[in-house]
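Residue numbers (my numbering): 400 to 683. For every residue, glycine included, the Cβ atom is placed at its ideal position computed from N, Cα and C.
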């Protein structure tokens, strides 16, 4: 049964929400912002916990819901969570590595309200695979082409790690496949991309938490997917609405702005990881 729209009597407090489902991923990218990989886990959030978060997101009139990881499609409840969100009139973007896409996922990706995002590193397979630490180039490229052929809305971020990377060639390769939404970003110093350095808020864009929030596999809420060390509450014991409107979120936002300023990101752009108008790209 399809749900009916939820009544909202207060001003919405969120326009972007990341559901960071899992730390499990087929790849082991050298620059992964949250250290995901083949040995990653799905965390302590249950199916019902995620369902409740999605229900709360609908009540808050969230404009953009992005499901990310790790590789979100590896989560056992992934398809049900997307379906649950769509049934509550939420638009969903799935950030996938597109290494393996099951027939069920292809059907899901073609539903109205769903779009895809992925990362690409080079037209050269060896250069691309060096970034992912797996022989992933052929599968990702083929599935990018398939998504375009099926008419699935898709955007691709080219993550530039060094000056020798074939970024221009990668861009032209993507265009040859029919991709129209392409963005170039650089490696961000978080997770494996930090090379062991402690997380530093000065590397954030400064717009984190301004109508945005991220929830990790254990229910911890942070201002964005890059700022997970700045946990401001947990949805397993506190409603999402209370967390995003709470003093801890305000304090985290203030500390980010003090460290990063507010001029590093277009406040009118969509701060969605890897979005063409944004410097935020969690695959970097």
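Tell me the rounded alpha-carbon separation between residue 446 and residue 520.
Going from the Cα of residue 446 to the Cα of residue 520 covers about 33 Å.
Buried or exposed for residue 465, please, with buried defined as at least 16 other CB atoms from any protein chain shown within 10 angstroms of its CB.
Counting Cβ neighbours within 10 Å, residue 465 comes out buried, since at least 16 surround it.
Segment contact flag, the stretch 434-445 with the stretch 467-481, C-beta cutoff 8 Å, min 3 pairs:
Three or more Cβ pairs closer than 8 Å define a contact, and the stretch 434-445 meets that threshold against the stretch 467-481.
Which whole-angstrom value describes the C-beta separation of residue 522 and residue 478, a residue pair presumed to lie in contact below a C-beta threshold of 8 Å?
The Cβ separation is near 32 Å, so there is no contact.
For residue 532, which residues of its own chain have a beta-carbon under 8 Å away from its beta-carbon, when the five flanking residues on both sides are left out?
Excluding residues within five positions, the ones whose Cβ falls inside 8 Å are 426, 427, 428 and 429.
So for residue 358, helix, strand or coil by DSSP?
Nothing can be reported for residue 358, as the shown portion of the chain is limited to 400 through 683.
Let's test the definition: count the other Cβ atoms within 10 Å of the Cβ of residue 556 and tell me whether it reaches 16, buried, or not, exposed.
That one is buried.
So the candidates are 518, 491, 524 and 504; which of them puts its Cα closest to the Cα of residue 511?
Among 518, 491, 524 and 504, the Cα nearest to that of residue 511 belongs to 491.
Could you compute how far the alpha carbon of residue 455 sits from the alpha carbon of residue 413?
Straight-line spacing of the CA atoms in residue 455 and residue 413 works out to 11 Å.
Just mark residue 622 as buried or exposed, buried being the case when its beta carbon has 16 or more other beta carbons within 10 Å.
That one is buried.
Option nearest residue 529 by Cα separation, candidates 547, 560, 516 and 543:
Ranked by how close their Cα comes to the Cα of residue 529, the residues 547, 560, 516 and 543 have 560 in first place.
With a 10 Å radius around its C-beta and 16 neighbouring C-beta atoms as the bar for buried, classify residue 437 as buried or exposed.
Around the CB of residue 437, fewer than 16 other CB atoms lie within 10 Å, so the residue is classed as exposed.
How should residue 616 be labelled, buried or exposed, when 16 other C-beta atoms within 10 angstroms of its C-beta is the threshold for buried?
Around the beta carbon of residue 616, a 10 Å sphere encloses 16 or more other beta carbons of the protein chains shown; the residue is thus reported as buried.
For residue 473, which option in 504, 451 and 488 has the closest C-alpha, if you only look at C-alpha atoms?
Closest in C-alpha terms to residue 473, from the list 504, 451 and 488, comes 504.
Reduced DSSP category for residue 540 - H, G, I as helix; E, B as strand; rest coil:
Here residue 540 sits in helix by DSSP.
Quick check: the Cα distance between residue 502 and residue 572, rounded to an integer number of angstroms?
As the crow flies, the alpha-carbon of residue 502 is around 25 Å from that of residue 572.
For residue 461 versus residue 489, is the C-beta spacing smaller than 8 Å?
Yes, the pair counts as a contact, with Cβ atoms nearer than the cut-off.
Beta-carbon proximity list for residue 495, same chain, < 7 Å, skipping 5 on both sides:
Excluding five sequence positions before and after residue 495, the CB atoms of its chain that fall closer than 7 Å to its own CB belong to 470, 471, 472, 515 and 517, given in chain order.
Any idea if residue 480 is buried or exposed, counting beta-carbon neighbours within 10 angstroms, 16 or more meaning buried?
So residue 480 ends up on the buried side.
Helix, strand or coil: how does DSSP classify residue 582 here?
DSSP places residue 582 in strand when its eight states are reduced to three.
How long is the line joining the alpha carbons of residue 620 and residue 550, rounded to whole angstroms?
Roughly 34 Å separates the two Cα atoms.
When the distance is taken between beta carbons, is residue 614 closer than 8 Å to residue 419?
In this structure, residue 614 lies closer than 8 Å to residue 419 by Cβ.
Can you list, in chain order, the residues of its chain with a C-beta nearer than 8 Å to that of residue 506? Leave out the 5 residues immediately preceding and following it.
Counting only Cβ-Cβ distances below 8 Å, and skipping sequence neighbours, we find nothing.
Cβ neighbours of residue 483 in the same chain (closer than 6 Å, five flanking residues each side left out):
Within its own chain, the residues whose Cβ lies closer than 6 Å to the Cβ of residue 483, once the five positions on either side in sequence are excluded, are 450 and 453, listed in chain order.
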